[in-house]
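Residue numbers (this note's numbering): 1 to 634.
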């Protein structure tokens, strides 16, 4: 089906095919249904549910990524806004729409592609190679079975396949590539005349200053600022012995003994036979097949060869069923029980787990090992000191905070408990200051109602590196009107600057009008005693012409033969440039080799694919019945 669509993915046929896809999907998901069970979904796309757990996991991943990217500069509360959560949910809805579309189109991903994808993940590799033990341990930690994970990856690949299919419909023709190259590599013959800032300083009288000031009072206000009293303390404030008692260390060793043990590990291979369909007949057929395979390998057939031929575990099939070194509680309970009951070299009877029937081969055993107390004493001491300091610091922080809530009008008692002095900041505005006043959490607290309006001590604030602060208002300076006499010269300078800018613009516009009426740049240059600069063959990113002038020049229309097109543009410091486009030369298609054309094709194809995918998703949203439970997005 995919190939057929690709074969038809050009011109009018492409539009018909895409239209047919959209039309077909408009007839799915129209019906509604009701159930009597307790609903826990956050969104429902036709009959497919997006669970609250799925949403929470995606949102937490997004939140963590954004906070890490911001290096602590982003207020976590900003990410809790409803519109942010809705954005995350919309991405899940789009994914579900694509999954539903995959199912309706019958897109099938072969096992080999799923296997290649799984084996490519660094998280499942040891020394650069796929490791079955690492794979299964990672899945166990995520509470997913291999079959569940494989199906998840298959769905992801199917979604990619559909996106590729949609993208392939927007075929890029050779003519489109040629047109893009002609535009991209186009050059223009330019001449420029740079006009300096007007030299005459306009006169601004007191009446103009007073009039402007009165009509722009809000521009001449002092900034609202505060200063803070605060205490800052960290784990160094904790007083404790740096030499832990050996009895304490021995107790920790006994309580955490498993940490210093290497559990028994078993090198295993398996052959997995699944019960397709899940009913009793399918289960019976799977068991019979597994028993037959188990019999053949016991009678001498090579186990690895049998695994490659029969196993349905995509993660280990290509490796002859090799699972690597496994320890207890990593795999299914029934699998574990059977594996650890085998002797080295033995092959099990078929073992039923949630995945299907396993035939297990035990190839080798690594015995249980344990480090002695003396071997780990230094590590225990370091760990104890870190943990104890953290515990004591937590207790201290709690006591300091409680004291600050008991005495809301002072930080003195809290400072004594923390063993620090009350410090003061300089005045700073809402945009922040220096030191702790640059910290987002402190800024938010400083201008909160509790601190600013009610004069209370703040919450206990974490400002990073295990440092805590509590702040209270020192002095609040409200925004006030600055008197005219204080800002008179600022207003005068502003009016002069505006007048100069207006004069520069009017002069440039007047000169441009003269050019369009028939005068030349050379005539104007002679009149103004300035020079015209030629820049023939200027490209879009030429280094020999001001980028602003080049960008403006490429917006002008192509001049008629023997004529010029004119324009002007403002430059820094009230300068202006007049420019003429005398000639336009399109990029030479013949100079671009096949590799260059292929790069253009890929670029245009990517743009077309994004547009087509967006249109397709829009059509799916219109055709689907989408329900959203806003109250479950908490």
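Even for Gly, the Cβ is constructed at its ideal location relative to N, Cα and C. Keep in mind it's a predicted model, so treat the numbers as computed, not measured.
For residue 470, the CB contacts under 8 Å within the same chain, skipping 5 residues up- and downstream, are 230, 231, 400, 401, 404, 411, 414, 457, 458, 459, 460 and 461 in chain order. Taking a contact as a CB-CB distance under 8 Å, the pair residue 107 and residue 67 does not count as one, their CB atoms being some 36 Å apart. Spanning the alpha carbons of residue 385 and residue 247 requires a straight line of approximately 14 Å.
In this structure, the alpha-carbon of residue 607 lies about 34 Å from that of residue 148.
Checking the DSSP bridge columns, you'll see residue 51 partnered with 41.
For residue 600, the enclosing alpha helix (DSSP H) covers residues 594-623. In terms of CA proximity to residue 324, 365 leads the group 104, 365, 573 and 482. Secondary structure remark: continuous beta strand (DSSP E) runs of at least 3 residues inside the region 527-574, in chain order: 532-538 and 565-571. For residue 357, the uninterrupted beta strand (DSSP E) segment begins and ends at 357-366. With fewer than 16 other beta carbons inside 10 angstroms of its own, residue 121 counts as exposed. Using a 10 angstroms sphere on the CB of residue 611, the tally of other CB atoms stays under 16, which defines it as exposed. Three or more beta-carbon pairs separated by less than 8 Å are not found between the region 204-213 and the region 540-559, which leaves the two stretches without contact.
With contacts defined by Cβ atoms closer than 9 Å, residue 451 and residue 472 form a contacting pair. The secondary-structure analysis by DSSP pairs residue 324 across a beta bridge with 268.
Around the beta-carbon of residue 80, fewer than 16 other beta-carbon atoms lie within 10 Å, marking it exposed. Following the DSSP letters along the chain, one finds residue 476 inside the beta strand (DSSP E) bounded by residues 467-477. By the criterion of at least three beta-carbon pairs nearer than 8 Å, the region 477-485 is not in contact with the region 528-536. Proximity of the region 563-583 to the region 172-184 falls short of the contact definition, fewer than three beta-carbon pairs being nearer than 8 Å.
With respect to the C-alpha of residue 293, the residue from 282, 305 and 521 having the closest C-alpha is 305. For the pair of segments examined, the region 293-302 was found not to touch the region 326-343: the number of CB pairs separated by less than 8 Å stays below three. Membership of residue 337 in the alpha helix (DSSP H) is indicated by the continuous run 333-339. Residue environment for residue 167: buried (at least 16 other C-beta atoms within 10 angstroms of its C-beta). Assignment of residue 391 by DSSP, reduced to helix, strand and coil, places it in the helix class. Per the DSSP secondary-structure output, residue 191 pairs in a beta bridge with 534 and 580. By DSSP's assignment, residue 429 forms a beta bridge with 225.
When only Cα atoms are considered, residue 318 and residue 119 end up about 11 Å apart.
Rounded to whole angstroms, the Cβ separation of residue 624 and residue 46 is 5 Å, and the two are in contact under 8 Å. Taking 8 Å as the upper bound for CB-CB distance, residue 393 and residue 235 are in contact here, some 4 Å apart. Excluding residues up to 5 positions away in sequence, 42 lie with their Cβ nearer than 6 Å to the Cβ of residue 629 in the same chain.
In the structure shown, residue 203 falls within a coil segment according to DSSP collapsed to helix, strand and coil. Here the C-alpha atom of residue 633 lies approximately 13 Å from the C-alpha atom of residue 39. It is roughly 9 Å from the alpha-carbon of residue 138 to the alpha-carbon of residue 144. Residue 293: member of the alpha helix (DSSP H) spanning 280-298, first to last residue. By the Cβ-count criterion, residue 216 is exposed, with fewer than 16 other Cβ atoms from all chains shown falling within 10 Å of its own Cβ. Counting along the chain, residue 627 sits inside the beta strand (DSSP E) bounded by residues 626-628. In this structure residue 240 is in contact with residue 388, their Cβ atoms being roughly 6 Å apart against a cut-off of 8 Å.
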